[in-house]
Amino acid sequence: MDTLTPVTPSAAEALAPLLGLVAFLLSTLVYYSIKAAIFGRKREAYIENRQRSILAKLFQEWWIWLWTPVERFCLRLRLSPDAITTAATFVVAVSAVLIASGHFSSGGWVFLAGSSFDFIDGRVARATGRVSRAGAFLDSTLDRVGELFVFGGLAVAYRQSWVLFAALLAAGAATLVSYARARGEAVNAGDTVKIGGMQRPERIVLTGIPCALSPISDLLFGAGAGRNVVAGALTVLAVLTTLTAIRRTWSIYHALRLQDPTPAQPPFRLADVFGLESARSKKKAAR
């Protein structure tokens with residue numbers, strides 16, 4: 013990890029736009045929380061149907077509400093859901109390049125923005141009656157591609173550090189989590205395909221926010237602290253995602269074992285253990 017050095021006043025002044033953006037987001041979160049407390053929460057089926065998450069439902073609903081103007085803009089332009097999905101992947105690819113080149117903050121914000129289209133494309137599809145299996149397949153596939161881009165960017169950024177292995181582990185575990193769900197759904201494993209707390213929204217938050225706010229870490233704790241915070245968050249993400257992959261794989265396997273018909277077992281006979289029955293059969297056949 014990097015050695016921490018003091019941050020100069022000029023560097024702190026350069027953070028003013030970032031601090032303003034953070035203040036804006038926090039103010040909208042407070043406003044939405046008060047609004048939800050007075051008028052009730054607008055429950056989203058996408059959120060309600062998810063398994064337990066480290067992200068509070070209120071936080072997830074706030075983020076969807078925050079992106080409502082973008083959703084309406086896409087509807088006015090009559091953009092197809094597939095076009096939104098594809099454009100989002102290009103945006104995430106740009107974020108990966110920024111992160112790989114060491115521009116963690118800008119890369120983190122671009123990644124959060126691009127990843128937010130993950131729910132916008134689906135909402136646009138439902139609003140316009142254009143839900144399709146082809147679109148769902150494209151969305152799921154490009155989601156995986158986008159994640160691999162970003163973990164690849166982090167691997168490049170930390171290529172001379174042990175954090176490289178955390179990035180590779182996170183990439184592999186995230187792929188396994190998604191693959192286990194896809195295969196589980198294909199063989200009708202039920203709700204077990206959703207088990208595990210480190211799913212894609214959680215991975216986006218745990219990757220994007222530390223990157224986006226890394227300059228603030230530098231301001232508070234000294235230059236280089238931001239990279240250390242990102243490294244720590246990436247390590248935690250890698251471990252938790254690996255545990256999710258293991259838990260989900262085992263849960264799906266166990267559920268399918270219970271669904272499979274159990275073949276009738278022949279009665280136990282000691283003669284079979286020592287091969288005596290086989291020897292008798294051979295003698296009868298020889299007669």
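First residue of the sequence shown? That's 13 in the working numbering, and the numbers climb one at a time after it.
C-beta: ideal position from N, C-alpha, C; glycine also.
Model, not experiment: these values are computed from the prediction.
Assess, as a yes-or-no matter, whether the segment 109-129 is touched by the segment 149-166 under the definition of 3 or more beta carbon pairs within less than 8 Å. yes
Quick check: the Cα distance between ALA192 and ALA245, rounded to an integer number of angstroms? 24 Å
C-beta atoms of GLY202 and ARG260 nearer than 8 Å: Their beta carbons are not under 8 Å apart, which means GLY202 does not touch ARG260 by this criterion.
For VAL241 and SER229, the rounded distance between their alpha carbons: 7 Å
Near GLY120, what residues of its chain come up, given a Cβ to Cβ distance below 6 Å and the 5 sequence neighbours on each side ignored? GLY220, CYS223, ALA224
Where do the ends of the alpha helix (DSSP H) carrying GLY113 lie? The sequence as given places Ser at residue 113; Gly does not occur at that position. Per DSSP, SER113 belongs to no alpha helix (DSSP H) and is neither H nor E.
Taking ARG55 as the reference, give the member of LEU124, LYS69, THR247, TYR43 with the closest Cα. Considering only alpha carbons, the answer is LYS69.
Using the beta-carbon count (16 or more within 10 Å), is ALA146 buried or exposed? exposed
The alpha helix (DSSP H) enclosing GLU56, as first and last residue numbers: That residue, GLU56, is in no alpha helix (DSSP H); it is neither H nor E in DSSP.
The alpha helix (DSSP H) with TRP75 in it runs from where to where? Residues 69-78.
Hey, how far is the Cα of PHE161 from the Cα of ALA139? 30 Å
Residue environment, GLY141, which counts as buried when at least 16 other CB atoms sit within 10 Å: GLY141 is exposed by the Cβ-count criterion.
Within a Cβ cutoff of 8 Å, which residues of the same chain sit near LEU27, ignoring the five residues on either side of it in sequence? PRO227, ILE228, LEU231
Starting from THR153, trace the alpha helix (DSSP H) both ways and give me its first and last residue. 145-169
For TYR43, does the count of other Cβ atoms within 10 angstroms reach 16, so buried, or fall short, so exposed? With fewer than 16 Cβ atoms within 10 Å of its Cβ, TYR43 is classed as exposed.
For the alpha helix (DSSP H) that contains THR219, what are its first and last residues? 212-224
Quick one, are the C-beta atoms of VAL136 and LEU91 less than 8 Å apart? A distance below 8 Å separates the beta carbons of VAL136 and LEU91.
Take ALA49 and list the residues in its own chain whose beta-carbon comes closer than 7 Å to its own, dropping the five residues that flank it on each side. none
Cβ shell of ALA169 (< 7 Å), same chain only, five flanking positions each side left out: ILE111, ALA112, GLY114
Among LYS206, THR247, THR40, ILE96, nearest to LEU183 - alpha-carbon criterion: It should be noted that the sequence gives Ala, not Leu, for residue 183. Per the Cα distances, THR247.
To the nearest whole angstrom, what separates the beta carbons of LEU250 and ALA178, a pair I think is in contact under 8 Å? According to the sequence displayed, residue 250 carries Ala and not Leu. The Cβ separation is near 5 Å, so the contact holds.
Where ARG239 falls, given that 16 or more other Cβ within 10 Å makes a residue buried: buried
Return helix, strand or coil for ALA81, following the three-state DSSP convention. A small correction: the amino acid at residue 81 is Pro; Ala does not occupy that position in the sequence shown. It is helical.
Pick helix, strand or coil for TRP121, following the three-state DSSP scheme. helix
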